[in-house]
Amino acid sequence: MPEHFDALALLEQTFGCTMKRECGLHQFADRGRVYAAALARPDLVARALEDQWHGPVVTSRWVLPAGAFGESVGPG
335 MPEHFDALAL
345 LEQTFGCTMK
355 RECGLHQFAD
365 RGRVYAAALA
375 RPDLVARALE
385 DQWHGPVVTS
395 RWVLPAGAFG
405 ESVGPG
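In case it helps, this note's numbering puts the sequence shown at residues 335 to 410.
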């Protein structure tokens with residue numbers, strides 16, 4: 335994701351115009367604060383930023399809702 339941010343910041347510099355009225359993207363990003371939960375679980379942050387999911391997928395048994403695939407399926 336940093337490469338996308340840098341590309342946008344470069345566009346600001348190239349065109350001499352910021353996306354936010356009061357400041358450039360770098361100054362705006364510097365105002366941000368990291369969530370405490372992200373600091374507490376960097377392993378989950380790393381997983382969330384991966385391009386592909388490699389962890390388990392666990393769900394409860396799924397059942398079709400009442401009326402699914404009934405005679406009045408879809409918009410009028």
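Idealized CB from N, CA, C, for every residue including glycine.
Relative to Pro336, the option among Leu359, Tyr369 and Thr393 whose CA is nearest is Leu359. In this chain, the alpha helix (DSSP H) harbouring Arg381 covers Pro376 to Ala382.
Thr348: member of the alpha helix (DSSP H) spanning Pro336 to Phe349, first to last residue.
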